[in-house]
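So for the sequence shown, our numbering puts the first residue at 2; every next one is plus one. From the three backbone atoms N, C-alpha and C, an ideal C-beta is built for every residue, glycine too. Every value quoted in this text rests on a predicted model; they were computed, and no experiment measured them. Reading through the structure tokens given below for one structure.
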Amino acid sequence: MRTRLLTAACGLAVSLSPRIGLAEPTCSGTVTRSTVAACALEHSPALREELAAQRAGEGRLEAARPFLPGNPVLSGSLASRSAAAGQRLNWSLGLSQELEVGGQRGLRVDVAEGELEAQAHRLAATRAAIAADAWSAYFRALAARERLLLASKLE
């Protein structure tokens with residue numbers, strides 16, 4: 002049962018993914034009315050930048066979540082001393098761990114979550130702006146082509 006579910010999930014992921022499987026690329030050949038926005042989004046450096054910023058925000062959130070912010074430190078010392086009764090050995094071990102008090106961790110997580118939410122809104126706004134600019138440019142190009150056709154008919 003588990004292998005069937007895993008096989009079905011993998012098949013669904015492959016069929017839905019535009020970069021994996023047999024799906025056609027969105028920007029192959031001529032850009033049409035149905036592919037203009039998807040093509041612009043696929044090749045937009047601004048969108049790639051926003052996606053990278055979102056991944057960085059996810060990393061900051063993940064880094065803010067651990068309960069213990071640092072690694073424990075183990076230290077030790079060993080010394081030999083001479084005494085009237087002979088040689089003696091002194092040793093010590095120490096273990097230290099940084100602890101955050103006063104809600105520092107909670108505040109750091111809240112800030113990281115807020116930054117991630119703001120980045121998600123910036124990403125959505127960037128996607129909308131890129132799509133709108135692509136549509137505008139597409140229809141301006143169509144209008145210019147029509148003007149050229151009309152001008153050539155008038156000559």
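Three-state secondary structure assigned by DSSP to residue i
i      : result
Leu143 : helix
Leu155 : helix
Ser137 : helix
Gly71  : coil
Leu94  : strand
Leu149 : helix
Gly77  : strand
Leu17  : Caution is warranted here: a pLDDT of 41 is assigned to Leu17, below 50, making its placement in the model unreliable, and no coordinate value can be reported.
Glu99  : coil
Val32  : coil
Gly104 : coil
Exposure of residue i, with buried meaning 16 or more beta-carbon neighbours within 10 Å
i      : result
Thr31  : exposed
Ser97  : exposed
Val37  : buried
Glu165 : Limits of the chain in this structure are 2 at one end and 156 at the other, which puts residue 165 out of reach.
Ser45  : buried
Ala41  : buried
Gly60  : exposed
Ala135 : buried
Unbroken alpha helix (DSSP H) run spanning residue i, endpoints
i     : result
Ala85 : Counting along the chain, Ala85 falls outside any alpha helix (DSSP H), and DSSP gives it neither H nor E.
Pro46 : Pro46 to Ala65
Cys40 : Val37 to Glu43
Selection from the options that minimises the alpha carbon distance to residue i
i      : options                          : result
Leu69  : Ala126, Glu114 and Gly104        : Gly104
Ala65  : Thr127, Ala129 and Gly107        : Gly107
Ala39  : Arg141, Ala129 and Ala152        : Ala129
Ala166 : Ser29, Glu43, Ala113 and Ser93   : Since the first and last residues shown for the chain are 2 and 156, residue 166 lies out of range.
Ser93  : Ala142, Ala145, Ser76 and Ser29  : Ser76
Thr33  : Val110, Ala85 and Phe140         : Phe140
Leu48  : Glu116, His122, Leu62 and Gly71  : His122
Ala119 : Asn72, Val74 and Leu62           : Leu62
Val74  : Ala133, Leu100, Val110 and Ala85 : Leu100
Gly95  : Val102, Ser153, Leu79 and Thr127 : Leu79
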